Amino acid sequence: MIETIYIARHGFRLNWINTNWKSPTGLPRDPPLAAYGEVQAQELAAYFLALPEEKRPTIILSSPYYRCLQTSKPTSQALEVPIYVEHGLSEWYSPVAPGTGLHPRPSSATVMQTYFSEIDPSWSSIWYPTRRGEDVEALHERANGVLDLLITEVEKRFGVKHKNILLVSHAATVIVLCRALLAQPDLPLRVGCCSISELSRKSNAAGVLGAWEAKDLASGSHLKEGASRDWGLEDIQIANGKVISDQGVPGTQEEEDNCGPQIHRSSL
């Protein structure tokens, strides 16, 4: 069984300091890391490499966005472990404004492998977020569903091979993942770039959700300059009690929105 789950946020984004950035993949809203973010990703790898071998993650499951894969790469290389692309760990977008299109969706693992050779495309994503966006409640529901399927699928597919896994994602998604694993839906948490959360399975715990205890949450102690640009769900914009809607990508209204679980608990 999986004993430890590490959860890291991606590094510092280029678009935060450069308005003329270009997406390496051509996907809208998919900026790469800034040079500072690349340094953070190297520091993340150095942290995991310095752990005793029995504590290091032996598998990385990453959001398909370029900045997360770019953050995962140094750790993958340092530990010689594969990166599996999991769309269920994707960025959070608030609901699209009517008539503005859908949110972008990154390409498949096979396509992303052309950018990152460390990707093992044999993993098929177990969840796709809706391209129509999510309110906060739906984001929590996604985290609960993804984790319940993901942990079970890793253990079913690999047996006892992976006791420690690393998830690489985005601030909002990291927060709800931690809340789900701890069964604390109101847990106050702010997550900085390349911060690490470490959660250990409780002895004799059953199931997935709530079966973990936090050893560390959103720690930046492994980073020379600490975990920068922290973010929390309290930072979202609310109007009339609801998350303010976001703009979709123009011209995508009729594109496919295959979303939700891609496997079912009963088949595991």
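Following full-length UniProt numbering, the numbering of the sequence shown begins with 1 at its first residue and continues without gaps. C-beta: ideal position from N, C-alpha, C; glycine also. This structure is a prediction, so every number in the text was calculated from the model and none was measured.
Only residues of its own chain outside the window of five on either side were considered, and among them Trp92 have a CB closer than 6 angstroms to the CB of Ala172, listed in chain order. Closest in alpha carbon position to Ala218, among Thr130, Trp231, Lys224 and Ser117, is Trp231. Lys215 and Val174 have their C-alpha atoms spaced approximately 15 angstroms apart. Rounded to whole angstroms, the Cβ separation of Met112 and Leu69 is 6 angstroms, and the two are in contact under 8 angstroms.
For Leu79, same chain residues with a beta-carbon under 8 angstroms away, outside a window of 5 residues either side, are Ala45, Phe48, Leu49, Arg56, Pro57 and Thr58 in chain order.
The alpha-carbon separation between Ala41 and Asp246 amounts to approximately 29 angstroms. In this structure, Gly220 and Ser200 do not form a Cβ contact; the two beta carbons are roughly 20 angstroms apart against a cut-off of 8 angstroms.
Taking each of Glu134, Leu61 and Glu198 in turn and checking the Cα distance to Pro95, the smallest one comes out for Glu134.
If you ignore the 5 residues before and after Val136, its C-beta comes within less than 8 angstroms of the C-beta of Leu233, Ile236 and Val243, all in its own chain and listed in chain order. Going by C-alpha positions, Tyr115 is about 12 angstroms away from Ser108. For Ile165, DSSP records a beta bridge to Ile5. Taking C-beta atoms under 8 angstroms as the contact rule, Pro32 and Arg9 fail to qualify, at a distance of about 15 angstroms. Beta-carbon to beta-carbon, Tyr6 and Asn144 are separated by about 19 angstroms, too far to satisfy the 8 angstroms threshold. In terms of CA proximity to Thr252, Leu102 leads the group Ser125, Leu223 and Leu102.
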